[in-house]
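Here's the structure we're looking at; comments come further down.
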Amino acid sequence: MRLQSLALQILALVLSYMRLVFAADSIYQQVELLDKVPDAITQHNAGEFEQKVIELSTPGHASYGRHMKRDEVKKFLSPPPAISDRIIAWLRSENVPANSIDSDGHWISFTAPISQAEQMLKTNIAIRTLGYSVPKVLHPFIQLIQPTTRFGNLVSQRSSTLERKPATSEQLAAGCNTTITPNCLWNLYGLDDTTTRPEWRNRLGISGFLEQYARHADFEEFLRRYAQSHTNTNFSVVSINGGRDDQHSMSDSVEANLDVQYSIPLADEVLATFYSTGGRGPVVPELNHPDSTESTNEPYLEQLHYFLNLPDEELPAVLSNSYGEDEQTLLPSYVNATCSLFAQLAARGVSILFSSGDEGPGRTSSIPKEQFPSLGGGFSEVFPRPQYQDQAVKGYLKHLGSRWNGLYNATGRGYPDVSAQAASFIVRDHGEWVSVRGTSASAPVVAGIVSRLNSARLAQGKPRMGFLNPWLYSHGRMGFTDIVLGSSSGCKWTTGNADLRVPNASWDAVEGWDPATGLGTPLFRTLVRLLSDDV
C-alpha cells in the first residue's frame, strides 16, 4: 500500500529504523538540536542541567525549591544559534518553504509533503521499516526527528494496567476491608479534614491518552455517592494534539474516570484539568507486540511540548499519569528525548507521577497495608541507578544476595518509589458501578496526596514540592508505612515460549525500600510534619 503522507521517527547518527503509523495530508516533523558534541544523543548542557534539577529538589541545598522559569530553562538548554541556522539552511536547500519552518532555538518544526520527505531522507517510505539518512555533516546536531502523530479513525484501547469488572451490590455496600472509596483512603492515609482553597500555584493535571475520556456525568454521580463534601468540585478539559472531549463516547473510559474520581477528591479544592492527548507514540516491535503498525504507546513528546510552552502560571503543579510502556518497545533516542523533557518540567516545579505496572506482592483475603496486594517493580535496563536512590537500593540488593543473578540489572534504577492501594476501587463508568484494580489506580491516589501536600507547603509560604525523589529518599522516607510482608509475582503471560518463564519469580517486600512496594504507603500527617521542617 502506498501512503500519501506519514508519521515517522528518526535518530541521527545511529541510522536504525522507523515506524509508520498513519497517513495524513502532510508530514509534520520536529528536529531536536544539540551543540556539536561527540555523542549526538547527549543534549546541550544535559549533564549540567540534570545536576541543576537535583539541586533544586534536594533538601538542604541552597537552591532547594527555587524552581526555574520557562525562559530560564530554554536559555539553559538552547544550543548556539549557529546550530539551528545550519539545520534551517539544510531545510531551505531542500526547498522547504520558510513559512513552514518554526524554530525556538531548541526544536525546529516543519511540514513537507511525503515525496519531499523521501527525497530529503533518501528513503522510500512505506508501511514497514526502512532505512533513511540525513547529511553526515548534520549528524552531530540532530538528536531526533519526531512526528506529531495525527490519527484518523482509531480503535480505542483499554489501559493495559487496569482490570475492570461490574461491581456487585455487596461491594457497593461493603466496608473498606473489601472495597476502596475516597473515604477509605482518607482514613487509611490519615488525610485530615483541613480544607484548602484553590490557587493557580497548585493546579492538578490528569493525563488522558488512548481515546479515554473523563465523563462529567459519571464524575458528578460518583461524588454524590462517595465524596459528598466535594459535590461542587469539577474539572476542565484541555485538548492536546487533537485529543477530544467526547462525553458521549461508547468506548472504554474507566481509566479516565478512575483518575478524576479519585485524584480530585483526595487533592481537595484544587484547580483540576484533564489533558486529553491524541495520537500514539512510536513503538519498536518485540515478541509480545510484533506488529509495528499497532501502537498502544502514549504520545508523550506531544504532551510534553505542550506543557513546556505554557506560561509558568498555567503549568500543573502535579501531573498524574496512569499509563506506561515497556522499555524495550522504545528507541533509545525517543527515551532520552522524553526523559529530557520530563526533567525540564521538574525544573519548573512540576511533580510527575507514573504507575509502575502490575504484578505485585501476593493477594490476601482483605486489603491490608502490611501485606500489599498490587504494584509492579524491578530494575531498569535503560536508566542507571541515581545517586539519591543508591543507599536505599543497595540495602535491598544486600538482602537479595545472589538470587536472580543475571536476570536483572543490579545497577539499574529501582522502582517503584512509593506505593498506594490499587485493588477493588469502586468507579462510576458509563452510568454503571464497576470495580477495578491495577497500578493505574495508585497513580491518581498518590497524585491527590501530593497535591494536598503542596497546599500545606503553600499555606506556609513555601514553594511547591516539584521533583519529589531526592526528598523522598532523604527527609521523606520516614513518612511512609513500610510494607514488610508479601512478594510480587512473575508475569502471568509469556511470548509462547515456556522456557522463558522463570519459576517462582518475585521480589520480596522487606524492611526499607524494595522493588515490590518502594518506600511504602503514605502517612499524610507525618509527611506534612516532615515538610514543615524543610525550607
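Residue numbers (the numbering used here): -8 to 526.
In this text, a Cβ means the ideal position worked out from N, Cα and C, and glycines have one as well.
| Along the chain, where does the alpha helix (DSSP H) that runs through residue 437 open and close? | 430 to 450
| task | Tell me residue 423's beta-bridge partners as DSSP assigns them. | result | 420
| Continuous alpha helix (DSSP H) assignments of at least 4 residues falling wholly in the region 216 to 276 | 245 to 258
| task | Could you please give the first and the last residue of the uninterrupted beta strand (DSSP E) stretch that includes residue 342? | result | 342 to 345
| said: Buried or exposed for residue 495, going by 16 or more other Cβ atoms inside 10 Å? | reply: exposed
| field | Beta-carbon spacing of residue 244, residue 438 below 8 Å | value | no
| Which one or two residues does DSSP pair with residue 520 in a beta bridge? | BP columns for residue 520 are empty, so no partner.
| task | Indicate whether residue 169 and residue 431 have their beta-carbon atoms separated by less than 8 Å. | result | no
| message | Following a CB-centred definition, is residue 499 positioned closer than 7 Å to any heavy atom of the ligand HEM? | response | This structure lacks the ligand HEM, and indeed carries no ligand of any kind.
| query | Looking only at its own chain, which residues have a Cβ that is under 7 Å from the Cβ of residue 472, when we skip the five neighbours before and after it? | reply | 360, 511, 512 and 514
| field | residue 405 in three-state terms, based on DSSP | value | strand
| said: Taking the beta carbon of residue 208 as the centre, do at least 16 other beta carbons fall within 10 Å, making it buried, or is it exposed? | reply: exposed
| Hey, how far is the Cα of residue 263 from the Cα of residue 189? | 9 Å
| query | Is the CB-CB distance between residue 369 and residue 406 below 8 Å? | reply | yes
| field | Buried or exposed by the 16-neighbour rule on C-beta atoms within 10 Å, applied to residue 381 | value | exposed
| Does the beta-carbon of residue 68 have 16 or more other beta-carbons within 10 angstroms, so that it is buried, or is it exposed? | buried
| Range covered by the beta strand (DSSP E) that runs through residue 98 | 98 to 103
| Per-residue burial, residue 509 [other beta carbons within 10 Å of its own, 16 or more giving buried] | buried
| said: Using 8 Å as the threshold, is the C-beta distance between residue 460 and residue 408 below it? | reply: yes
| query | Just checking my contact of residue 193 with residue 261 at CB under 8 Å: how many whole Å lie between their CB atoms? | reply | 6 Å
| request: Select from 113, 70 and 124 the residue whose C-alpha is nearest the C-alpha of residue 99. | output: 70
| said: If I measure Cβ to Cβ from residue 235 and keep anything under 8 Å in the same chain, skipping five residues before and after, which residues do I get? | reply: 202, 204, 267 and 269
| request: Give me the Cα-Cα distance between residue 448 and residue 442, rounded to the nearest whole angstrom. | output: 10 Å
| If you check the beta carbons only, do residue 378 and residue 171 fall under 8 Å apart? | no
| request: Check whether the Cβ atoms of residue 328 and residue 134 sit closer than 8 Å, and answer yes or no. | output: yes
| query | How many whole angstroms separate the CB atoms of residue 436 and residue 176, which I take to be in contact at a CB cut-off of 8 Å? | reply | 6 Å
| field | Other residues of its chain near residue 335: CB distance less than 6 Å, five sequence neighbours each side excluded | value | 64 and 299
| Which residues mark the beginning and the end of the alpha helix (DSSP H) in which residue 67 is found? | 61 to 68
| On the three-state DSSP scale, how would you describe residue 372? | strand
| query | For residue 339 versus residue 59, is the C-beta spacing smaller than 8 Å? | reply | yes
| request: Go to residue 510, then tell me how far its beta strand (DSSP E) extends in each direction, as first and last residue. | output: Run containing residue 510: none; DSSP gives neither H nor E here.
| query | Per DSSP, which one or two residues make a beta bridge with residue 312? | reply | 345
| task | Could you tell me if residue 397 is buried or exposed, where buried requires 16 or more neighbouring beta carbons within 10 angstroms of its beta carbon? | result | exposed
| residue 86: buried (16+ other C-beta within 10 angstroms of its C-beta) or exposed? | exposed
| task | Taking residue 387 as the reference, give the member of 401, 113 and 420 with the closest Cα. | result | 401
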